[in-house]
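**Student:** When we follow this note's numbering, the leftmost residue of the sequence shown carries the number 1230, and every step to the right adds one. We put the CB at the ideal spot given by N, CA and C, even for glycine.
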Amino acid sequence: MSSKLMAVLTGIMVLVFYSGAAVSSKYNFPEPQSTIAQQIYDQHIMALWICLAIFVVVFGVMGYSILKHRKSVGHKAANFHHSTMVEVIWTAIPVLILIGMAWPATKTVIAMKDTSESDITIKATGYQWMWGYDYLQGEGEGISFYSQLATTQDEIRNQAPKGENYLLEVDNRVVVPVGKKIRILMTANDVLHAWWVPALGVKQDAIPGFIRDSWFTADNPGVYRGQCAELCGKEHGFMPIVVEVVEQEKYSQWVAEKQKASAAIVNTALAETAEDQSSKN
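(1) Assuming glutamate 1476 and valine 1407 form a contact by the criterion Cβ under 8 Å, report the distance between their Cβ atoms to the nearest whole angstrom.
(2) Of all the options Val1317, Phe1439, Trp1483, which has the alpha carbon lying nearest to the alpha carbon of valine 1404?
(3) Measure the beta-carbon distance from threonine 1380 to glycine 1361 and round it to whole angstroms, keeping in mind my assumption that it falls under 8 Å.
(4) Report the residue from Asp1434, Leu1414, Pro1427, Leu1429 whose alpha carbon sits nearest the alpha carbon of leucine 1421.
(5) With a cut-off of 8 Å, do at least 3 Cβ pairs link the segment 1348 to 1362 to the segment 1407 to 1417?
(6) Check whether the segment 1265 to 1275 and the segment 1331 to 1338 touch, using three or more Cβ-Cβ pairs below 8 Å as the test.
(7) As an exercise, report each continuous alpha helix (DSSP H) stretch of at least 4 residues that is fully enclosed by the segment 1336 to 1409, in chain order.
(8) Should valine 1285 be labelled buried (16 or more other beta-carbon atoms within 10 Å of its own) or exposed?
(9) For alanine 1447, count the other beta carbons within 10 Å of its own beta carbon; 16 or more makes it buried, fewer makes it exposed. Which is it?
(10) What is the DSSP secondary structure of leucine 1414, counted as helix, strand or coil?
(11) By the 10 Å Cβ neighbour count, where 16 or more other Cβ atoms means buried, how is valine 1302 classified, buried or exposed?
(12) So is arginine 1299 buried or exposed if we call it buried at 16+ other beta carbons inside 10 Å?
(13) Taking the straight line between their C-alpha atoms, what separation do you get for serine 1481 and glutamate 1368?
(14) How should proline 1437 be labelled, buried or exposed, when 16 other C-beta atoms within 10 angstroms of its C-beta is the threshold for buried?
(15) Give the range of the alpha helix (DSSP H) segment to which isoleucine 1307 is assigned.
(16) Spell out the partners DSSP gives tyrosine 1480 in its beta bridges.
(17) Going straight from the alpha carbon of methionine 1230 to that of leucine 1296, what length do you get?
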């Protein structure tokens, strides 16, 4: 085997190795946990491979041309203006590549906007700097709570060891059942926020005075973390999102506990109001 062929094969193997390492790297997208997230991930990887192929072809031709047609080996510069055929080819190929990438991307975008026939509807409201959640439709209807950063100030100020989920844990998680279509309505109370959970394929701006929506269906139980993805003020980095996906039975139990706690709070408030009125009388 010639040394040139060996060099080419070695270069290809190095590129494949590093490309594979990049695909499985912690700097890549998290493992997708919904249909939309899987489609986003697949198209992301496809785009990377296309970019790699273009890089290899373009710079390979450039390198070959520079080495094989240099002046020191006796080549003289050609004297020509243009080639219509070449111009047609290098215009048509990028157009075909873009169409090939745009077709599946368009199908995914259309699917992302189809929030019809959801099993549960949850409104997420962005505040400076926390999230408020209201279960509007489906099992759990009527549940409302705020979700704030659970990381302690001692951890943030480096006065205590940082936990495993530093700046990514909250006091109240969004709990949903596995396999159900969850519609998320996004809005904001003050400034622009964005509700982003990459493993579930959801990223949508929350705009004051507007309602925007997205959806997901989680494939597997687990805890999936996200963050506000719109610069919203000095504590923008301190309003994480945590979605806990559980089995249906566990979800029903969580709903019952939440509704019981809410009823207890309402009863306590009513009792205190009655006491105040009786004391005034």
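**Tutor:** Let me lay it out:
(1) Between glutamate 1476 and valine 1407, the beta carbon gap of about 6 Å places them in contact (Cβ cut-off 8 Å).
(2) Sorting Val1317, Phe1439, Trp1483 by C-alpha distance to the C-alpha of valine 1404 places Trp1483 at the top.
(3) Their Cβ separation, rounded to whole angstroms, is 19 Å, which puts threonine 1380 and glycine 1361 out of contact at 8 Å.
(4) If we check each option's Cα against that of leucine 1421, Asp1434 comes out closest.
(5) Touching, yes.
(6) Yes: the two stretches touch, three or more of their Cβ pairs being nearer than 8 Å.
(7) Within the segment 1336 to 1409, complete alpha helix (DSSP H) segments of at least 4 residues are found at 1382 to 1385, given in chain order.
(8) Flag for valine 1285 reads exposed.
(9) With 16 or more other Cβ atoms from the protein chains shown falling within 10 Å of its own Cβ, alanine 1447 counts as buried.
(10) Strand at leucine 1414.
(11) With fewer than 16 other Cβ atoms within 10 Å, it is exposed.
(12) Around the C-beta of arginine 1299, fewer than 16 other C-beta atoms lie within 10 Å, and the residue is accordingly described as exposed.
(13) One C-alpha to the other measures close to 8 Å.
(14) It is exposed - the Cβ of proline 1437 has fewer than 16 other Cβ atoms within 10 Å.
(15) According to the sequence as given, residue 1307 is alanine; it is not isoleucine. Segment: none, alanine 1307 is in no alpha helix (DSSP H) and carries neither H nor E.
(16) Bridge pairing for tyrosine 1480: absent [DSSP].
(17) Here the model assigns methionine 1230 a pLDDT of 49, short of 50, so the residue's position is not dependable, and the following value carries that caveat. Rounded to whole angstroms, methionine 1230 to leucine 1296 spans 21 Å at the Cα level.
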